[in-house]
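Asks: Attaching a single structure in C-alpha cells format; questions to follow.
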Amino acid sequence: MSQDNSPTRIEISYKTVIFTVAVLVGLWFIIQIRQIIILVFLSIILLSALLRPVEWLTARRIPRVLSVLLVYIILIALIAFIVGIIIPPLVAQTSDFISKLPQIVSTINNFLVFNKIPIENLSSVIAGQVQQIAQNFLSIFKAIFSSIFLLITIFVFTFYLLLEWKSFVKLIGSPFSGRQEKKVTSIIAKVETGLGGWVRGQITLSLVVGILTFIGLTILQIPFALPLALVAGILEIVPIIGPIISAIPAILVGLTISPIVALAVAALFFIVQQLENHLIVPMVMSKVVGLQPPVVIITLLIGAKLAGIGGAFLAIPTVVVARIIFKELLTEDQKLEDGLKEE
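Count along the sequence shown from 1, then add 28; that gives the number in our numbering.
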C-alpha cells in the first residue's frame with residue numbers, strides 16, 4: 029500500500045482573511061479608545077443613580093432641563109455639605125498633629141527602644157519618606173489634576189445624557205428594526221436598572237462602613253469621630269486602597285493621643301475592612317445585583333488582578349451588564365429555537 033507523503037494543503041478563503049483582519053483592527057481600535065469607553069461607562073453608572081430622581085420630577089410636570097438641574101444642585105449641595113463637615117476638623121487636626129510631630133516621633137522611638145523592636149531610627153525613616161513624597165509631588169499633582177478633570181468630564185457628559193436619555197436610547201436602537209429594536213431598548217433599560225442596583229449597593233456599603241467606623245472611633249474616644257467616619261464611608265467605594273487611605277488620618281489623630289491608641293485605631297480599621305471584604309460586600313451585592321457571594325468575591329479578585337484598583341471598582345458593574353446582555357440574547361435564542369420546534 030502506497031502512502032501519500034505530500035504536504036496537506038490548507039486553503040483560507042478571502043472572507044476568513046477579511047474577518048480576521050476586521051477582528052484584529054476592532055480589538056486594536058477598542059484598546060486605543062479604552063479611556064473613552066471607561067469614561068462613558070462611568071457616566072452611565074452615574075446616570076443610573078440620578079435617572080430615577082429626574083424621571084420622578086419630570087413625571088410631576090417639571091421640565092426636563094429643570095429636573096436635571098435640580099438633581100445636580102442637590103447632589104452638589106450634598107457634596108459641599110460633606111466636604112464642609114470633613115475638611116475643617118481635618119485641617120485643624122493636621123495642624124495640631126504637625127505641631128506635636130517631634131513629640132510623637134520621640135514617644136514612638138522610646139516605645140520601640142523600650143520594647144527592643146529592631147528598627148532604624150524613626151526620625152530618619154520619616155525624613156526619608158517625606159523626601160520621597162516631595163520628589164513624587166509632581167506626579168501626585170498630575171494624578172490629582174487628571175482625576176478632577178475626569179470627574180468634571182463625567183459630570184458634564186452625564187448631564188447631557190440625562191437630558192437626552194430617551195433620544196440616546198432611540199439612537200442606539202435605530203440601526204435595528206421591529207422586534208430587534210425593542211430587544212435592544214429592553215436590554216438598555218435592564219442594564220440601567222442593574223447598574224442602579226449596584227449604585228444603591230455601594231451607597232449601602234458606604235453607610236454600613238461609616239456607621240461601624242463611627243461606633244468604633246467613638247468607643248476609642250477619638251476626636252472628630254464623625255468626619256473621620258464620613259471619610260471612611262466615602263472612600264469605601266475605592267477598592268483596595270480606599271480603606272487604607274481612610275485609616276491614615278484616623279491613625280494620625282490617634283498618634284496625637286498615644287502610640288497604643290494609634291495601634292487600636294489601626295486594628296479597628298483592619299477589622300472593619302475584613303468584615304467589609306468577606307461579609308458585608310458579598311451579602312449586600314448578592315441582594316442588590318443578584319450575584320452570589322462567592323461570585324462577588326471572585327469577580328473582585330479577577331478585576332483587581334487584571335486592572336488593579338480600577339478593575340476592582342468596575343468588576344461587578346461589568347459582570348452585571350454582561351450577565352444582562354447574555355441572558356437576554358440566550359432568552360431570544362431559546363424562543364427562536366422553541367418556535368422552530370413548534371413548526
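Cβ coordinates follow ideal geometry from the N, Cα and C atoms, glycine included.
(1) Would you kindly report the start and end of the unbroken alpha helix (DSSP H) that includes F242?
(2) Provide the residue span of the alpha helix (DSSP H) that contains Q302, from first to last.
(3) If I measure Cβ to Cβ from L368 and keep anything under 8 Å in the same chain, skipping five residues before and after, which residues do I get?
(4) Select from S234, E220, L118 the residue whose C-alpha is nearest the C-alpha of S71.
(5) Check this for me: beta carbons of L223 and S95, under 7 Å apart or not?
(6) Just verifying my parser: in three-state terms, what is the DSSP assignment at V266?
(7) What is the DSSP secondary structure of S202, counted as helix, strand or coil?
(8) How is G339 classed by DSSP in three states: helix, strand or coil?
(9) Using beta-carbon positions only, say whether A260 and T232 come within less than 7 Å of one another.
(10) For the stretch 344-353 against the stretch 273-282, do three or more pairs of beta-carbon atoms, one drawn from each stretch, fall closer than 8 Å, so that the two count as touching?
(11) Is M313 near G206, with beta carbons less than 7 Å apart?
(12) Along the chain, where does the alpha helix (DSSP H) containing Q63 start, and where does it finish?
(13) Would you mind sorting P255 into buried or exposed? The rule is 16 or more other CB atoms within 10 Å of its CB.
(14) Using the Cα positions of I373 and Q320, report the straight-line distance between them to the nearest angstrom.
(15) Just tell me which of P117, T327, I262, T284 has its CA closest to the CA of S134.
(16) I'd like the span of the alpha helix (DSSP H) that includes V312, first residue to last.
(17) By alpha-carbon positions, which one of A332, I102, I215, S167 ends up nearest to I269?
(18) Can you give me the Cβ contacts of T213 inside the same chain, cut-off strictly under 7 Å, excluding the 5 residues immediately before and after it?
(19) Would you mind stating whether P267 and A340 have Cβ atoms separated by less than 7 Å?
(20) Measuring straight from C-alpha to C-alpha, what distance separates L329 and R89?
Replies: Result, derived from the coordinates:
(1) 207-247
(2) 287-303
(3) Reliability of the predicted coordinates at L368 is poor, the pLDDT of 46 falling under 50, and no value is obtained from them.
(4) E220
(5) no
(6) coil
(7) coil
(8) helix
(9) no
(10) no
(11) no
(12) 62-87
(13) buried
(14) Examination of residue 373 is not possible in this model, given that the chain is present from 29 through 371 alone.
(15) T284
(16) 309-316
(17) A332
(18) V197, G201
(19) yes
(20) 46 Å
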